[in-house]
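**Student:** Here it is, the structure, as structure tokens.
In my numbering, the protein residues as written are 32 to 373.
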């Protein structure tokens with residue numbers, strides 16, 4: 032069976048990444064592409080690297096006949112996304128890539144995003160889209176909320192350790208390096224080549240990054256008590272990738288064994304042999320996550336390093352993985368692309 036797919040927000044990086052992945056999917060057809068700011072243009076005009084694909088031209092989302100669509104990906108900015116999704120057919124399956132339905136408590140959304148939630152009733156039905164940990168709920172869901180790319184990276188490293196009680200929950204330091212595509216495609220002065228290249232800077236210092244809300248929500252639920260990590264992201268002059276380094280108190284060998292057991296049957300998560308650490312180069316353009324654990328010269332401490340591609344496993348790949356579950360497809364369909372190296 033071929034599923035007809037719509038993508039709203041197709042002119043952004045995550046929209047283009049969805050198209051790249053779905054192009055290899057055996058049972059999905061892109062039937063509609065929307066980008067209100069570029070309506071009337073072809074995808075070849077917006078993204079020349081997709082020129083070889085037979086794709087519909089861009090339209091406004093209001094022009095799409097959703098009665099012909101089996102599942103819609105919404106790749107819009109937060110706030111805009113909820114405003115659009117609440118107008119879509121109530122029976123259609125939706126995977127949202129924005130932040131609008133990630134936080135279960137509307138008050139948390141207001142706290143981290145600065146505006147009141149405009150679709151609270153829909154928030155109640157949304158399932159958090161971290162596939163490996165919400166697989167059964169996602170398969171039954173109508174609306175799935177994709178995670179933040181930083182939030183996904185940190186959780187892949189830390190969730191099994193929090194749940195397994197193998198680390199000190201009050202002593203978690205998470206240091207993250209993030210590629211520039213995570214900031215989206217819109218023009219920003221600090222992302223100009225002359226201002227970004229040959230440099231490296233921390234941002235959202237002091238626990239102010241919005242993805243911190245996802246860490247608080249998910250780790251506290253796992254532990255059954257409040258858990259707060261000390262988290263600092265850094266902007267690196269690279270197009271793709273996230274590298275997260277977490278410093279924890281606990282037995283390094285037990286930490287490695289816990290991660291290996293947790294992910295033993297996961298098709299996209301590789302836990303390296305103890306003492307090895309990964310590079311963003313090893314997962315570029317793929318839906319894979321690599322995690323490595325080392326000990327420290329200080330007894331009872333460990334360093335855990337995780338990498339993923341922010342546009343793939345951190346966003347669009349995760350979205351397609353969730354869509355596969357929602358549509359009854361093989362979870363890995365369209366997602367077994369080998370990483371691009373060098």
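Glycine is no exception: its CB is placed at the ideal position from the N, C-alpha and C atoms. The model shown is predicted, which means the values in this text are computed figures rather than measured ones.
Can you round the beta-carbon distance between residue 89 and residue 70 to whole angstroms, since I take them to be within the 8 Å contact cut?
**Tutor:** Rounded, the Cβ-Cβ distance is 5 Å, consistent with contact.
**Student:** Taking only runs that begin and end inside the stretch 250-294, name each unbroken alpha helix (DSSP H) of 4 or more residues, in chain order.
**Tutor:** For the stretch 250-294, whole alpha helix (DSSP H) runs of length 4 or above, ordered along the chain, are 283-293.
**Student:** DSSP puts residue 35 in a beta bridge; with which residues?
**Tutor:** Looking at the DSSP assignment, residue 35 forms a beta bridge with 60.
**Student:** Considering just the uninterrupted stretch of the beta strand (DSSP E) at residue 301, what are its terminal residues?
**Tutor:** Note, residue 301: beta strand (DSSP E), 300-302.
**Student:** Which residues bound the alpha helix (DSSP H) around residue 77?
**Tutor:** 74-77 is the span of the alpha helix (DSSP H), which, as asked, contains residue 77.
**Student:** Would you check if the distance between the CB atom of residue 276 and the CB atom of residue 317 is smaller than 9 Å?
**Tutor:** Against a cut-off of 9 Å, the Cβ pair of residue 317 and residue 276 comes out as no contact.
**Student:** Closest to residue 44 by CA distance: which of 222, 226, 346 and 135 is it?
**Tutor:** The shortest C-alpha separation from residue 44 is found at 346.
**Student:** Considering residue 127, what are the terminal residues of the alpha helix (DSSP H) in which it resides?
**Tutor:** Element bounds for residue 127: not the alpha helix (DSSP H) but the beta strand (DSSP E), 124-127.
**Student:** Output the distance between the C-alpha atoms of residue 269 and residue 219, rounded to the nearest integer angstrom.
**Tutor:** Cα-Cα distance, rounded: 16 Å.
**Student:** In angstroms with no decimal places, state the Cα-to-Cα distance between residue 151 and residue 116.
**Tutor:** The straight-line gap from Cα to Cα measures roughly 12 Å.
**Student:** Residue 223: buried (16+ other C-beta within 10 angstroms of its C-beta) or exposed?
**Tutor:** Counting Cβ neighbours within 10 Å, residue 223 comes out exposed, since fewer than 16 surround it.
**Student:** Under 9 Å, do residue 103 and residue 204 count as touching if we go by C-beta distance?
**Tutor:** Contact: no.
**Student:** Who are the Cβ neighbours of residue 161 in its own chain at under 7 Å, not counting the five residues just before and after it?
**Tutor:** Closer than 7 Å at Cβ, skipping near neighbours: 178, 183 and 186.
**Student:** Counting only runs of 3+ residues fully inside the stretch 112-187, write out the beta strand (DSSP E) ranges in chain order.
**Tutor:** Entirely contained in the stretch 112-187, the beta strand (DSSP E) runs reaching 3 residues are, in chain order, 124-127 and 174-176.
**Student:** If residue 180 sits next to residue 322, beta carbons under 8 Å apart, how far is it from one beta carbon to the other, in whole angstroms?
**Tutor:** About 16 Å; that fails the 8 Å criterion.
**Student:** Tell me which residues share the same chain as residue 131 and place their Cβ nearer than 6 Å to its Cβ, disregarding the 5 neighbours each side in the sequence.
**Tutor:** The answer, listed in chain order, is 109, 112 and 113.
**Student:** Using the C-alpha atoms, what's the distance from residue 339 back to residue 211?
**Tutor:** Their backbone Cα atoms lie some 14 Å apart in a straight line.
**Student:** From the DSSP output, read off the bridge partner residues of residue 332.
**Tutor:** Looking at the DSSP assignment, residue 332 forms a beta bridge with 280.
**Student:** Determine the burial state of residue 281: buried for a count of at least 16 other Cβ atoms within 10 Å of its Cβ, exposed for fewer.
**Tutor:** Burial call: buried.
**Student:** Using only the alpha-carbon positions, how far apart do residue 57 and residue 202 sit?
**Tutor:** Cα-Cα distance, rounded: 46 Å.
**Student:** With a CB to CB cut of under 7 Å and the five nearest residues on each side skipped, what residues in its chain are close to residue 305?
**Tutor:** Hits under 7 Å: 284, 287 and 324.
**Student:** Terminal residues of the continuous beta strand (DSSP E) containing residue 204?
**Tutor:** Looking at the DSSP string, the run of the beta strand (DSSP E) that includes residue 204 is 204-210.
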